[in-house]
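Read in order, the letters of the sequence shown are residues 4 to 193 in my numbering. Beta carbons: idealized from backbone N, C-alpha and C, even for Gly. Since the model is a prediction, treat every value here as computed from it, not as a measurement. Read the structure below first, then the notes.
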Amino acid sequence: MDAIDNAYHKRHRITILLNETPDTFKIKVKVKETSKTIWYTGIVVGGLIAAGIILFTVLKELFWSQSPQSIYSDAFKKCTGNSRLCDILGQPIKGHGAESSRGRHRHIKYATYMKNGVEHLQIQFYVKGIRNQAKVCADMEKINDKFEYYYLLAETENYPKESIFVIDNRLSNGAPAVQTLYKFQVLKGQ
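What follows is the structure, encoded as structure tokens:
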């Protein structure tokens, strides 16, 4: 019975195909091929757009002068340019984010916040020389759409413990001479 049904369907299909005009058949094939082409083109264009967005995000994070990574690079250069800090740490000096429990270096810690209507950025990272290591904390405020250093402080971790202000603009902004520095315990690695 199945063989008879299959033979009937094959014959019926051939009859339908023979009854169609060649122009109608060509149009159906063209529509099918065009829809395939449009679908594949859409997939390729969507992939290119996604790749472009990812590339833009990565390049912006690495090369934009106001990104936390760029600010870290600038702060590290300022630390290595400070002769007192270089004397305490010893040359060469390396910079890195916080260490994990396995001794691996993570990204630098940073946080943005608003204070008196002005956007601030805090970063924290570590510098290490052959004699000592230090935790570096920086607070920056946005002035004219650019982050300016409020302070850049390095605190040595081993004996003798010392705090070295690489940059200190707290007094120039009308702040009191004695001021509690912001704590970085609330920062999350980002």
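Tell me which residues share the same chain as residue i and place their Cβ nearer than 7 Å to its Cβ, disregarding the 5 neighbours each side in the sequence.
i    : result
E160 : Q136, A137 and K138
K81  : L155, V169 and I170
E151 : M143 and E144
Y75  : I111, I126 and F128
C89  : T83 and I96
By DSSP's criteria, residue i is part of a beta bridge. Which residues make up the other side?
i    : result
Q136 : K131
S166 : E158
D142 : Q125 and Y154
Y171 : Position check: residue 171 holds Asp in this sequence, whereas Tyr was assumed. For D171, which the question treats as bridged, DSSP gives the partners Y154.
K149 : I146
Take residue i and list the residues in its own chain whose beta-carbon comes closer than 8 Å to its own, dropping the five residues that flank it on each side.
i    : result
L92  : V130, K131, G132, I133, R134, N135, Q136, A137 and T159
K164 : E158
M117 : H123
L65  : Q72 and S73
Under a three-way DSSP split, which group does residue i fall into?
i   : result
S38 : helix
S73 : helix
Who are the near neighbours of residue i in its chain, counting only those whose CB is closer than 6 Å to its CB and skipping five residues on each side?
i    : result
I96  : T83, V130 and G132
K33  : none
T37  : none
L184 : Note that L184 has pLDDT 47, beneath the 50 cutoff, so the model's placement of it is unreliable and no number is given.
A141 : A78, I126 and L155
### Query
Unbroken beta strand (DSSP E) runs of length 3 or more, entirely within the stretch 76 to 128: which are they?
97 to 99 and 112 to 118
### Message
Within 8 Å, do at least three Cβ pairs link the stretch 65 to 83 to the stretch 35 to 55?
### Response
no
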